[in-house]
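What follows is a set of notes on a single structure, which appears directly below.
Number of protein chains: 4
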Amino acid sequence: MQLDITPRESARSSSHSQALLARTYERVRGTTKRLCAPLSTEDYVVQSMPDASPIKWHLAHTTWFFETFVLKGRPGHRPHHPAYEVLFNSYYNAVGEQFPRPRRGLLTRPTVAEIWRYREVVDAQIGELLAGTVDTRTLAVVELGLHHEQQHQELMLTDLKHAFAQNPLAPAYRDDRPQTSQASPPLAFVPHAGGVVEVGHAGRGFAFDNEGPRHETLLAPFALGSRLTTAGDYLAFIEDDGYRRPELWLSEGWAFLEREAVRAPLYWSKAGDGWELFTLRGQRPLDPHEPVTHVSYYEADAFARWAGARLPREHELEVMTRPLPVAGNFLDSDALHPRPAGHSDGAIQQAFGDCWTWTMSPYTPYPGFRAPEGALGEYNGKFMCNQHVLRGGSCVSPASHLRATYRNFFPASARWQFSGIRLAKDA
Amino acid sequence: MQLDITPRESARSSSHSQALLARTYERVRGTTKRLCAPLSTEDYVVQSMPDASPIKWHLAHTTWFFETFVLKGRPGHRPHHPAYEVLFNSYYNAVGEQFPRPRRGLLTRPTVAEIWRYREVVDAQIGELLAGTVDTRTLAVVELGLHHEQQHQELMLTDLKHAFAQNPLAPAYRDDRPQTSQASPPLAFVPHAGGVVEVGHAGRGFAFDNEGPRHETLLAPFALGSRLTTAGDYLAFIEDDGYRRPELWLSEGWAFLEREAVRAPLYWSKAGDGWELFTLRGQRPLDPHEPVTHVSYYEADAFARWAGARLPREHELEVMTRPLPVAGNFLDSDALHPRPAGHSDGAIQQAFGDCWTWTMSPYTPYPGFRAPEGALGEYNGKFMCNQHVLRGGSCVSPASHLRATYRNFFPASARWQFSGIRLAKDA
Amino acid sequence: MQLDITPRESARSSSHSQALLARTYERVRGTTKRLCAPLSTEDYVVQSMPDASPIKWHLAHTTWFFETFVLKGRPGHRPHHPAYEVLFNSYYNAVGEQFPRPRRGLLTRPTVAEIWRYREVVDAQIGELLAGTVDTRTLAVVELGLHHEQQHQELMLTDLKHAFAQNPLAPAYRDDRPQTSQASPPLAFVPHAGGVVEVGHAGRGFAFDNEGPRHETLLAPFALGSRLTTAGDYLAFIEDDGYRRPELWLSEGWAFLEREAVRAPLYWSKAGDGWELFTLRGQRPLDPHEPVTHVSYYEADAFARWAGARLPREHELEVMTRPLPVAGNFLDSDALHPRPAGHSDGAIQQAFGDCWTWTMSPYTPYPGFRAPEGALGEYNGKFMCNQHVLRGGSCVSPASHLRATYRNFFPASARWQFSGIRLAKDA
Amino acid sequence: MQLDITPRESARSSSHSQALLARTYERVRGTTKRLCAPLSTEDYVVQSMPDASPIKWHLAHTTWFFETFVLKGRPGHRPHHPAYEVLFNSYYNAVGEQFPRPRRGLLTRPTVAEIWRYREVVDAQIGELLAGTVDTRTLAVVELGLHHEQQHQELMLTDLKHAFAQNPLAPAYRDDRPQTSQASPPLAFVPHAGGVVEVGHAGRGFAFDNEGPRHETLLAPFALGSRLTTAGDYLAFIEDDGYRRPELWLSEGWAFLEREAVRAPLYWSKAGDGWELFTLRGQRPLDPHEPVTHVSYYEADAFARWAGARLPREHELEVMTRPLPVAGNFLDSDALHPRPAGHSDGAIQQAFGDCWTWTMSPYTPYPGFRAPEGALGEYNGKFMCNQHVLRGGSCVSPASHLRATYRNFFPASARWQFSGIRLAKDA
């Protein structure tokens, strides 16, 4: 694993960084717990589709990660429960068998209380570990585990949203703060001269293995949309019969529309003459200024073609957003939904947060990439087939989890993530 | 509906019987509640297959039955919740739309607590109703609702067993009392001369519509096995390669074996040289003296063919068991599993309880049968196709629910009910 | 097998009947050949659904039947081709493996010419056999093979019709004679007093094993519709929203409608304001006087409920039609489609031919039935589950194949046979 | 469409090149006919899977291409048959509806003879057209049609092979010439320094739209295997448990193995201790020296990982093979199967022909690519999602069809094409 052993925030000294890591551990694990505060016990149990997982599975799996990759095999360590190794293994064949993914929602036991107890036990053990002398490899795995946990924080909210959306009662995860709106600025295209550029992660901060090796690539001149595509932009596409014109669609995308009877982004529904939206804060009218989200790659691609543009390449996004601060509407803002872009000076807006940007780049290994040896090598590399890269993070990504080189990836049909659209053009 | 308005226990006077019905209501509803005592909140939520339902759905649906068919439309009644009419409608098209059955396990809300509250509210309203002046038609529907509730008591336990069986932790519903064994007597065949006999329900006691009209039928001479087929009997079939010899199987049954990779009754598993069983009291070794249960019609039929016998016709069972007391190993015994037959004098044993007996009789209407008008007519008649009749009740049927004319019915592939085998022969 | 060793037409002497059988063999096999005259080579190859088979498979399988059950094992016999035993075995597990049924349409070889050659070779061998001294068991199997061949003659035409119907070109099997029409008489109901009656085959003529043993059964008084239900009768049901009213349908039937988007009988299509029909003589307007055909059991049952009637029991049909001559619109009439009933004196019309009548009787064994030992025992008994009995034959049944005790059987969803409706009522 | 209007062979003058095109038309269409010579009528009809098509469909569709894109709309042209526009449209939504692809094998009509007649009629019309004055756009479409026909020549053989392989008789398409063998040379790796290179089609010769625009790309230093991976190489992978070690597989690939029970390349089968192969010349023992073929991308990728190498990028292949003559074991050699590489001087062997090389490059548009306007724009662009590029052609590609910039593409699970493996390494 191409892990920097030093947590990103500091590199002054090993003991200093170890203490920092311990505090980060508490903070990240605490965030997971806080995200569960609004839930009833019943909400932890269900799995609304094979791609999603029950909340209690997320809680256990992220804990399993620390137990399996950090604690297991250490002197004196005894497995918390003999069945958990199989039950909460996601896809690590090197660790062993896995309980079948599509059946995770059939398990009522261990109970939620038992899983919270599991977390407490492992947290105590990790706390003890980090209070002692630890090798840098172990520290690196703890850090990896925290980034892994942050990924699952995002998934917990997207999976929960998907489950709630199946319910005619349309339950709200939170209902304490209405979304505020503002006018979205006109779309501009920001040019880039292209050429040979360096891409991929470099430096001491944490990054996933798939962000490296840093390497050169050649970009043709291009221009990037200044903001995310709005719901209003997208409505124009729908109203221009965008979902009914095969010439706008990839062949696979057209088959997807037919098969799934897709006629609008996920969570949109017709309400009288207008449209409504199911959100983590419940059902509400669509705001034309907010970014469109929960679209598949197929829809993003068809929209771009209709708009006389295309989707960006992942490295076009990377070179344009690398100079910008990693700031925006993340989980930390508590909005739980993408927000309108607001006033603009024509520069790139919404570079991070709000919603993930589909790129036209298939998810492939960088030149020279090799998955690490062992079980942790199953983290990213084995998914490099038939997925597309998404960039930039979303309104449910923890801010400290993102960076300009970050590569998220999903199959072209995935819609339950906060995925959106930014246009690009050849110069 | 061919309902007797008087509860079975008495017929002296209308006001007397109404008071009795009120007490029966409390008792039956209380039993449902007691059955839930061992459950964690999580256990109420899951649906392990489309044929099963979450426990909380059962709780709500049986309550919905009383609200819809007894309370709805009465002066002053207001629906408990506007969404419940759709959410907890099982299959009554005349009432309206239904939330799709295979998706019942995706609903985390209403919570278990909200559903208990729903029950309390409806119980109070029914209690009030039964304390006043009520027409006989309404009383009949309340009585029907109680028999309906008893059916769901049985389903709650079979559905829960199925859900628990998906879990590698093999949770026990109850673990307070081990099963005791005793030797099973040898199988004898008890003859009957046949002839024209009367079958079907008659008299004032409660019966479902499908048990009538009472009518004559002609039986050829036959003989009935004196006890249920035991696990030991069935093991001999397995060890004689019963599951691998197509000549023993119906064509559909053989296809079922291939498709589902069936090689033993449901909940059996190989353990070393022997077999284990998953029960409501957890995993344990198979007892050769206990009745075999959780077999499909296909398995019952193949076993009978292998044994040189056949399955009984439903009316062969009815005429042989009608003279016997409706007593046996029912839900009330708290065994939660079929028990060995015990000492025998060669007469029919285990006529009721332990496990349902598959009959070779397809589930068809009796001559002159007509489903009642209106929504309650959807209760039984519309399922009279491609199902087989089972007789006698099981270890999870409430004793007061059964009688000799009772017709249960399931498709030939169903295995999650406590279904077993009694052999028959042509004389 | 409960076969009468003497062909039906005569019983005078064994040698006489053997000569008769030889002539019958030539006649029946010749009919199969004549049925193929209008076909192009391509028409022999396709399989339009798993329930149907390619014409060339039918030709080979019926020949395989004679080779396997009559010739195989006789001194000097050598298999025509080593692969045919598997390729053309339909479902006889006792004979051995079978090429998978749903893949029969993938086999381009053996060619049609090779299969005709196979037929010639086997015909010559059977001819030689029948010219010598033959035991009565063998004669009985030859006779069975001819009835088997006649069943496949019917299937060849229904399978071909189904295949042609998939083709936008709507090819006609024959286009040499238009259907003629005549007014259909009003429907009357012909009563029967019921009582204990004898049913099932008796006597020396040929019958399939499932038609016996002859036995007594008890019928309640009933009345039978005087003619088949017409397309016009059925149109009234459609126009009264019959396909949209769940209260008319079995639960399984309603699910079938939803799943298969069924809104009319198979081969009906809307054409302007009216309806058209695809027939073996091509596409043409619907004639309201002709019997409705190509309906499932579900549709037949729903129609009967809508009409305030029910479907007949199989033995109601048997006792009413047994006294009548086995005459009607069979394959021999060359009409290839059901015809209007014509002038009536109020007696039972269309007792045989035109289209098979769905009965409400599930296909079950008669009391005392036992499938014959050995491979030929797989003929009928193993299908006695989840099928309904149909009676009377159709416009593509050979006349000499039918009799009043004949039990055809299909699953409730089958529509590609010439299946129709006759109403019945409780008296 | 980025078509050069001049056929590749010449550019001297427009009339000269038009005459040349006419001769090419006759030659290419004649080749199609010659490929059908060994077939029986039955062989033209079947479709063994949705990805394949019946031979007669290929014959009609390629003809439809000329009729639709060249003849239709010309003065005096009348459609050959009103139904053909729909029946033989593959996927051109801009042309109109299409008969559903998975049902192509259900059509017995038009007959093979009728389709040959269709070809004759269209050939005559095209011949007449090319004898007169034609605009260059039309000439370009005719040329495109011929390359399209050549693609279908390859598909006819791979589809036929797949259909024949379903048949237990294992029919041989041709049996006139056995494969000869020779020792395969050891594998060497040929290095390339990388850098900014030009890729994509340039110049006047024909190319498909997806081969352009020509553009610069940046390659890291790499080395390419000197020959294709042999069956012997691949056997070592199998014998090292390659199909059972999840760490070697992409996550999707492992799921593919499980789902499809894949344990060897398509058309391999165990025979005693060794392996056999089904080929267009029938069943025969595996030759360890011949290139492995009929592998999925997943298998190619897993093999490469096991071998400590990787699959090449498409432009690595392009820059290494561009200097080489487009020569090798093509359709023209009549071998109909990949052949051993033979003696080697360490340079790149088998650059063209034998079998298509899977590349690790997803099939994406080149920078600046735009699909042409209109129906012909549906040719390549709309498939640029979830497919991988294959390079180099195969033993059933016509030699005149290939070039170094040629991009073939198939989904990762496709195995019925002659797809093989060439290893690559980072330098």
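Residue numbers (this note's numbering), protein chains in the order written: chain L, 144 to 570; chain W, 144 to 570; chain S, 144 to 570; chain Y, 144 to 570.
No residue lacks a Cβ here, since even glycine has one placed at the ideal position from N, Cα and C.
Asked	Found
Between the CA atoms of Gly355(W) and Arg151(W) - distance to the nearest angstrom	With a pLDDT of 41 at Arg151(W), under the threshold of 50, the modelled position of that residue is not reliable, and the figure given next carries that caveat. The alpha-carbon atoms of Arg151(W) and Gly355(W) are separated by roughly 16 Å.
Contained beta strand (DSSP E) runs [length at least 3] in the stretch 420-494 of chain W, N- to C-terminal order	425-428
Beta-bridge partners of Phe552(L), as assigned by DSSP	Val532(L)
Residue-chain proximity (Arg550(L), chain W), Cβ-Cβ < 9 Å	no
Residue of Pro197(Y), Pro193(Y), Met192(Y), Lys176(Y) minimising C-alpha distance to Asp186(Y)	Pro197(Y)
Where Lys525(L) meets chain Y, residues with beta-carbon distance less than 9 Å	Pro389, Glu390, Trp392, Leu393, Ser394, Glu395, Gly396, Trp397
Selected residue, minimal CA-CA separation from Gly417(L), among Leu282(L), Leu423(L), Asp430(L)	Asp430(L)
Proximal residues of chain Y, C-beta to C-beta of Asn236(S) below 7 Å	Under the 7 Å cutoff, chain Y gives no residues; its nearest Cβ is about 18 Å from Asn236(S).
In DSSP terms, what Leu362(L) is bridged to	Gly338(L)
Sheet register partners of Ser562(W) (DSSP bridge)	Trp499(W)
Own chain, CB closer than 7 Å to Pro389(Y), minus 5 neighbours either side, in chain order	Trp397
The stretch 285-300 of chain S in contact with the stretch 217-228 of chain Y per 3-pair CB rule at 8 Å	no
Cα-Cα separation between Tyr234(W) and Pro505(S), rounded to whole angstroms	24 Å
Contacts around Gly524(Y), its chain only, beta-carbon distance under 6 Å, and the 5 residues preceding and following it disregarded	Ala514
Among Glu433(Y), Gln426(Y), Ser324(Y), Leu214(Y), the one whose alpha carbon lies nearest that of Cys498(Y)	Glu433(Y)
Straight-line gap, Ala518(L) to Gly239(L) (C-alpha atoms, nearest Å)	10 Å
Endpoints, the alpha helix (DSSP H) within which Asp162(W) is located	Position check: residue 162(W) holds Ala in this sequence, whereas Asp was assumed. Start and end: 157-178.
Distance, Gly270(W) Cα to Leu371(L) Cα	60 Å
Partners in chain W for Glu359(S), counting only beta-carbon separations shorter than 7 Å	Leu361
Under 7 Å (Cβ pairs) to chain S, residues found in the stretch 290-313 of chain Y	Ala306, Gln309, Asn310, Pro311, Leu312
Euclidean distance between Cα positions of Ala350(S) and Thr167(S)	16 Å
Closer than 9 Å at the beta carbon, the chain Y residues around Gly417(S)	Here the premise fails: no neighbours, minimum Cβ distance about 22 Å.
Three-pair Cβ contact test at 8 Å for the stretch 396-411 of chain S versus the stretch 522-536 of chain S	no
Sub-9 Å separation of Ala490(L) and Ile564(L) beta-carbons	no
Asp569(S): contacting residues in chain W (beta-carbon distance under 8 Å)	Pro510, Gly511
Neighbourhood of Pro193(Y) by C-beta, 7 Å cutoff - its chain only, sequence neighbours within 5 removed	Arg244, Pro245
Secondary structure of Leu250(S), DSSP reduced to three states	coil
Backbone secondary structure at Met144(L) - three-state DSSP	Note that Met144(L) has pLDDT 27, beneath the 50 cutoff, so the model's placement of it is unreliable and no number is given.
Residue closest to Gln325(S), alpha-carbon to alpha-carbon, out of Ile381(S), Ser160(S), Arg482(S)	Arg482(S)
Thr279(W) CB to nearest heavy atom of the ligand HEM below 8 Å	The ligand HEM is absent from the structure shown, which contains no ligands of any kind.
Beta bridge counterpart(s) of Phe332(Y) as assigned by DSSP	Gly368(Y)
Integer-rounded CB distance, given that Asp318(L) should sit under 8 Å from Gly425(L)	6 Å
Three-way DSSP call (helix, strand, coil) for Lys568(S) in this model	strand
Same chain, Cβ closer than 7 Å to Phe380(Y), neighbours up to 5 away in sequence not counted	Phe446, Trp449
The stretch 328-346 of chain W / the stretch 299-318 of chain W touching (three or more Cβ pairs under 8 Å)	no
Residues within the stretch 178-194 of chain L neighbouring chain W, beta-carbon criterion of under 7 Å	Ser183, Thr184, Glu185, Asp186, Val188, Val189, Ser191
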